[in-house]
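Peer 1: Numbering follows UniProt numbering, in which position 24 of the sequence shown is assigned residue number 24; successive positions increment by one, without gaps. Backbone N, C-alpha and C fix where the C-beta goes; we use that ideal spot for every residue, glycine too.
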Amino acid sequence: MNFYTYGQLNDTSIEAKKYSVQEISHPGIMHSAEELKTIKVHVNNGDEPWSSAYKAMVAWKGSSLEWTPTPFAHVHRDSYGANKVGDPQIGNDAEAAYSHAIQWVVTGNKAHAEKTIEILNAWSSTIDTITGKDDNLVAGMIAHKYCNAAEIIRYTYDNWPQNEVDQFKDMMLTVFYPLISNYYTNSMNSNGNWGLSMVNSVLAIAVFCDDVQLFNDAVAHVMGTNVQPYSTFSGYIDAKTGQCQESGRDQGHSQMGLGYLAAISEIAWKQNIDLYAYLDNRLLHGFEYFAKYNLGNDVAYYNMYGKFKEIISEKSRGRYQPIFERVYDHYVRVKKLSMPYTKQVVEQIRPEGFTSSMISWGTLTGYQGDPMD
Numbered sequence: 001m002n003f004y005t006y007g008q009l010n011d012t013s014i015e016a017k018k019y020s021v022q023e024i025s026h027p028g029i030m031h032s033a034e035e036l037k038t039i040k041v042h043v044n045n046g047d048e049p050w051s052s053a054y055k056a057m058v059a060w061k062g063s064s065l066e067w068t069p070t071p072f073a074h075v076h077r078d079s080y081g082a083n084k085v086g087d088p089q090i091g092n093d094a095e096a097a098y099s100h101a102i103q104w105v106v107t108g109n110k111a112h113a114e115k116t117i118e119i120l121n122a123w124s125s126t127i128d129t130i131t132g133k134d135d136n137l138v139a140g141m142i143a144h145k146y147c148n149a150a151e152i153i154r155y156t157y158d159n160w161p162q163n164e165v166d167q168f169k170d171m172m173l174t175v176f177y178p179l180i181s182n183y184y185t186n187s188m189n190s191n192g193n194w195g196l197s198m199v200n201s202v203l204a205i206a207v208f209c210d211d212v213q214l215f216n217d218a219v220a221h222v223m224g225t226n227v228q229p230y231s232t233f234s235g236y237i238d239a240k241t242g243q244c245q246e247s248g249r250d251q252g253h254s255q256m257g258l259g260y261l262a263a264i265s266e267i268a269w270k271q272n273i274d275l276y277a278y279l280d281n282r283l284l285h286g287f288e289y290f291a292k293y294n295l296g297n298d299v300a301y302y303n304m305y306g307k308f309k310e311i312i313s314e315k316s317r318g319r320y321q322p323i324f325e326r327v328y329d330h331y332v333r334v335k336k337l338s339m340p341y342t343k344q345v346v347e348q349i350r351p352e353g354f355t356s357s358m359i360s361w362g363t364l365t366g367y368q369g370d371p372m373d
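1) Below 8 Å, how does it come out for the stretch 239-248 and the stretch 281-290: are there three or more Cβ pairs, yes or no?
2) For S247, which residues of its own chain have a beta-carbon under 6 Å away from its beta-carbon, when the five flanking residues on both sides are left out?
3) CA-CA distance, S190 and Y184?
4) If you run the structure through DSSP and keep just helix, strand and coil, what is E349?
5) Between which two residues does the beta strand (DSSP E) holding I130 run?
6) Using a Cβ-Cβ cut-off of 6 Å (strictly less than) and excluding sequence neighbours within five positions of T131, which residues of its own chain qualify?
7) Below 7 Å between beta carbons: does that hold for Y367 and H330?
8) Which of the three DSSP states is assigned to H31 in this structure?
9) Output the boundary residues of the alpha helix (DSSP H) element that contains V332.
10) Would Y157 pass as a contact of A113 if the rule is Cβ separation under 7 Å?
11) So, at 7 Å on beta carbons, what are the nonlocal neighbours of N216 in its own chain, with the 5 sequence-adjacent residues on each side left out?
12) By a C-beta neighbour count over all protein chains shown, 10 Å radius and 16 as the cutoff for buried, is N45 buried or exposed?
13) Going straight from the alpha carbon of M30 to that of A263, what length do you get?
14) Considering only their Cβ atoms, is the gap separating T116 from A149 smaller than 7 Å?
15) Using 10 angstroms around the beta-carbon of R282, count the other beta-carbons present and answer buried if the total reaches 16, otherwise exposed.
16) For N191, does the three-state DSSP call read helix, strand or coil?
17) In the DSSP assignment, what are the bridge partners of residue 375?
18) Who are the Cβ neighbours of S124 in its own chain at under 6 Å, not counting the five residues just before and after it?
19) Go ahead and pull the three-state DSSP assignment for H74.
20) Within 10 angstroms of the Cβ of V41, are there 16 or more other Cβ atoms? Answer buried if so, exposed if not.
21) Give the DSSP-derived three-state secondary structure of V41 in the structure shown.
22) Leaving out five residues on either side along the sequence, give the residues of the same chain with a beta carbon under 7 Å from the beta carbon of K315.
23) Would you call the stretch 133-140 in contact with the stretch 196-207, where contact means no fewer than 3 C-beta pairs closer than 8 Å?
24) Can you tell which of R326, Y320 and S360 has its C-alpha closest to the C-alpha of Y293?
25) In this structure, how does DSSP classify V85 when only helix, strand and coil are distinguished?
26) Let me check one thing: in DSSP terms, what residues is C244 bridge-paired to?
27) What separation, rounded to the nearest whole angstrom, lies between the Cα atoms of G62 and W104?
28) Where N92 and L214 are concerned, what is the direct C-alpha to C-alpha distance, given to the nearest angstrom?
29) Given a threshold of 16 other Cβ atoms within 10 Å of its Cβ, counted over all protein chains shown, does L258 qualify as buried or as exposed?
30) Using a Cβ-Cβ cut-off of 6 Å (strictly less than) and excluding sequence neighbours within five positions of G362, which residues of its own chain qualify?
31) What do you get for P69, buried or exposed, if any count of 16 or more other CB atoms within 10 angstroms of its CB means buried?
32) Might you give, ordered along the chain, the residues of its own chain that have their beta carbon closer than 6 Å to the beta carbon of A218, omitting 5 neighbours on each side?
33) Quick test of your reading: N193 and Y302, contact by CB under 8 Å. State the CB separation rounded to the nearest angstrom.
34) What does the alpha-carbon distance come out to for the pair A111 and L65?
35) Which same chain residues, not among the five before or five after L235, have their C-beta less than 6 Å away from its C-beta?
Pasting the structure below:
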């Protein structure tokens with residue numbers, strides 16, 4: 001029985017069918033089985049930069065087996081993080097679950113798998129609601145983290161009971177999904193990182209729940225041009241300049257939007273859909289524009305949608321989040337394309353570390369060896 005409803009996009013065009021799936025592959029959110037094995041081999045061999053990246057992850061507070069989840073029945077957050085209840089606990093526990101799932105893969109120590117399950121079960125047996133002005137954003141930023149941890153455990157560890165798996169699914173479909181199901185298309189006041197966080201989490205939920213229709217709905221949305229524009233490839237990254245919808249706002253939120261589009265592209269790639277190439281590699285151009293400007297170079301800019309200032313924002317310029325490694329690997333190593341500015345950022349921040357809004361530790365999980373660039 002379904003306790004949720006799908007979005008409104010039902011595009012039956014040839015283009016939409018090209019970018020849709022008939023079945024879901026597992027594990028298939030941010031990590032394939034082959035990639036997980038590769039991470040294990042490199043870390044256990046002491047290879048760099050995987051070894052240093054793994055040590056950085058293990059040093060994070062939530063990576064300890066002493067970590068205890070702190071679930072809340074009712075999570076609340078208002079605008080700009082005001083009146084928090086259960087936040088940041090819901091986010092820290094999600095990241096801890098993911099860290100222990102990766103540690104289980106690397107070490108084979110069942111205690112880490114059980115710690116992931118402990119965290120997932122604690123929240124899925126407790127949470128009832130997420131409320132407040134930021135309820136959509138909290139759900140969008142967090143659901144994909146829990147799903148990534150759960151997907152790894154479900155397909156690499158044999159001792160997560162089915163009733164607990166079903167309980168986790170129910171949490172995703174009845175608590176998280178209703179808050180993100182419309183990708184925030186009802187508001188032109190929000191910026192693109194909101195809607196894109198929701199697309200990312202809907203895709204993660206769809207994969208874990210084996211929901212083909214839900215997956216295809218999210219892909220159709222992010223490819224769309226007839227919906228609220230900010231949460232689509234064409235609406236967030238400008239075709240002429242490569243700038244982000246939020247470039248005139250600040251560089252931190254621009255990275256969030258790019259990071260979510262990158263994660264969306266990676267989840268689709270795991271399901272044999274190439275969103276990386278969509279709109280003439282639009283994502284590559286967005287990353288290169290961002291990297292070029294944040295490295296101190298001048299870039300072309302105009303006020304997209306008339307929403308921000310007439311000059312590009314310098315706020316948070318040169319402060320990087322861990323979103324670059326996997327995108328660089330895909331375009332340069334896999335596609336044999338060039339990303340000279342992104343390359344400089346990757347080399348500057350490697351190994352990538354922690355972020356509260358997206359999957360962390362990108363060097364550990366996304367680096368596949370130096371490509372010829």
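Peer 2: According to the structure shown:
1) yes
2) S254 and I312
3) 8 Å
4) Here residue 349 turns out to be Ile, not Glu, going by the sequence shown. In this structure, I349 counts as helix in the three-state DSSP scheme.
5) T129 to T131
6) H76
7) no
8) coil
9) Segment: none, V332 is in no alpha helix (DSSP H) and carries neither H nor E.
10) yes
11) S20 and V21
12) exposed
13) 7 Å
14) yes
15) buried
16) coil
17) Lying outside 1 to 373, the shown extent of the chain, residue 375 is not represented and no answer is given.
18) Q167, F168 and M171
19) strand
20) exposed
21) helix
22) D250 and Q251
23) yes
24) Y320
25) strand
26) I237
27) 14 Å
28) 27 Å
29) buried
30) P322, E325, R326 and E352
31) buried
32) V199, V202 and L203
33) That belief does not hold up - the Cβ atoms of N193 and Y302 are roughly 20 Å apart, past 8 Å.
34) 8 Å
35) Here residue 235 turns out to be Gly, not Leu, going by the sequence shown. Excluding positions up to five away in sequence, the list reads P229.
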